[in-house]
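See structure below.
Residue numbers (my numbering), protein chains in the order written: chain A, 1 to 116; chain B, 117 to 226.
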């Protein structure tokens, strides 16, 4: 709806391998977020970005890194995937008004990652 | 710290009204969101309350009481397509981030 895509949509990988998930937006929103969603935990923030090259940690950032070299792209990297990182990963964006202050978050379709 | 509570599951009948409650404790409150999430899909925005009172949007309404740390989502004239999870999220004034509850799974029966 808000011009957000995620790739890949599904991935199966092995423990110890690096994995990169991509979030791409066409809405020129200022803020971008990576969440993971697991049963019984709800959505938990991994990392977020408040501008190009400006990123910060969320509540479950261990084992993850991010990069944002362009407004439209926000990459999430699992440096060495573990089975505990099996999850559904959602990207979100916000700050679509001219001042970059609107708080409503729009979510991408999600990436289902399985680490064997 | 922050804590958000909402019931895990609810059931209701098509055509009925259902109220989904959310209580929260947070060190700095700056708004409450409700999202709808169908199974296997992304959350979609339903409502945002920052001031006390009722916000109505078609069949859906959301209420907030900041003094009680309480919100509810009211769904009227339930339809089968309303079967979904409903996520309550609080915006933390200190960090500007959203803290999500674990969601309420609503099943609507004919």
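From the three backbone atoms N, C-alpha and C, an ideal C-beta is built for every residue, glycine too.
Note that the structure is predicted; figures quoted are calculated from it, not measured.
Residue i - containing beta strand (DSSP E), residue span
i	result
residue 5 of chain A	4 to 7
residue 213 of chain B	No beta strand (DSSP E) contains residue 213 of chain B, which DSSP labels as neither H nor E.
residue 195 of chain B	Per DSSP, residue 195 of chain B belongs to no beta strand (DSSP E) and is neither H nor E.
residue 52 of chain A	It is not in any beta strand (DSSP E) - residue 52 of chain A carries neither H nor E in the DSSP assignment.
residue 33 of chain A	31 to 38
residue 92 of chain A	87 to 94
residue 120 of chain B	119 to 121
Interface partners of residue i on chain A, CB under 7 Å
i	result
residue 214 of chain B	105
residue 174 of chain B	The premise fails here: residue 174 of chain B is roughly 17 Å from chain A at the closest Cβ pair, so nothing lies under 7 Å.
Closer than 8 Å at the beta carbon, the chain B residues around residue i
i	result
residue 74 of chain A	Those within 8 Å of residue 74 of chain A in chain B number zero; the least Cβ separation is about 15 Å.
Listed by chain order, chain B residues near residue i by CB distance under 9 Å
i	result
residue 109 of chain A	157 and 158
residue 24 of chain A	What residue 24 of chain A touches in chain B: nothing, since even the nearest Cβ is about 14 Å away.
Proximal residues of chain A, C-beta to C-beta of residue i below 8 Å
i	result
residue 203 of chain B	42 and 43
residue 185 of chain B	By Cβ distance, chain A contributes nothing, its closest Cβ being about 18 Å from residue 185 of chain B, past 8 Å.
residue 218 of chain B	40, 41 and 42
residue 147 of chain B	103
Chain-ordered chain A contacts of residue i [CB-CB under 9 Å]
i	result
residue 207 of chain B	103
Supposed close pair residue i, residue j - CB separation, criterion 8 Å
i	j	result
residue 109 of chain A	residue 158 of chain B	5 Å
is_contact[residue i, chain E] using C-beta, thresh 7 Å
i	result
residue 75 of chain A	In the structure shown, chain E cannot be found, because the protein chains are A and B.
Exercise. Given a limit of 8 Å on CB to CB distance, which residues of the region 157 to 170 of chain B reach chain A?
Worked result: Answer in chain order: 157, 158, 159, 160, 161 and 164.
Exercise. What residues in the region 43 to 58 of chain A have a beta carbon less than 8 Å from any beta carbon of chain B?
Worked result: 43, 44, 45, 48 and 58
For this session: Could I get the ranges of all uninterrupted beta strand (DSSP E) runs contained in the region 151 to 194 of chain B, with 3 residues as the minimum, in chain order?
Result: 160 to 165, 169 to 173, 176 to 181 and 186 to 191
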